[in-house]
Amino acid sequence: MKKPDPDGKVWFRIRAIDAEQVTVVGSFNAWDSGATPLRPLGDGWWEARVELAPGLYEYAYVIDGVWTTPPEAKITVPDGFGGHNGILEVLPADL
């Protein structure tokens, strides 16, 4: 579960050492690997803020073209291609 910031945005962060490109894909962006790039922070860390309405979402990271199960996901489901997607529950900001 994630509670969004007061502006309704949720943080996605992953460590991907030596990666050249990292994006987050999910049911919130039609699984479009070009829609939500993460920005490099240094020391292998990447992040993005995404505006998400409260609800349940499936998501994954794409690291240099390779779809990757989110390491922080406590719940995962099969993605239909031999991997797994994370499940993200976004809570209302006022809870």
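Counting from 36, one number per residue, gives the positions in the sequence shown under my numbering. For glycine and all other residues, C-beta sits at the position ideal for the given N, C-alpha and C.
Under the three-state reduction of DSSP, T104 is assigned to coil, being neither helix nor strand. Two segments are said to touch when three or more pairs of C-beta atoms, one from each, lie closer than 8 Å; by this definition the stretch 57–65 touches the stretch 94–104. In the structure shown, the three-state DSSP call for L126 is coil. DSSP lists V112 as the beta-bridge partner residues of N120. For a cut-off of 8 Å, the C-beta gap from H119 to V112 is around 6 Å, short enough to register as a contact. Under a 10 Å Cβ-count criterion, E86 is classified as exposed, with fewer than 16 other Cβ atoms of the shown protein chains found around its own Cβ.
W66: not part of any beta strand (DSSP E); DSSP gives it neither H nor E. DSSP, reduced to helix, strand and coil, places K38 outside both helices and strands of the structure shown, so it counts as coil.
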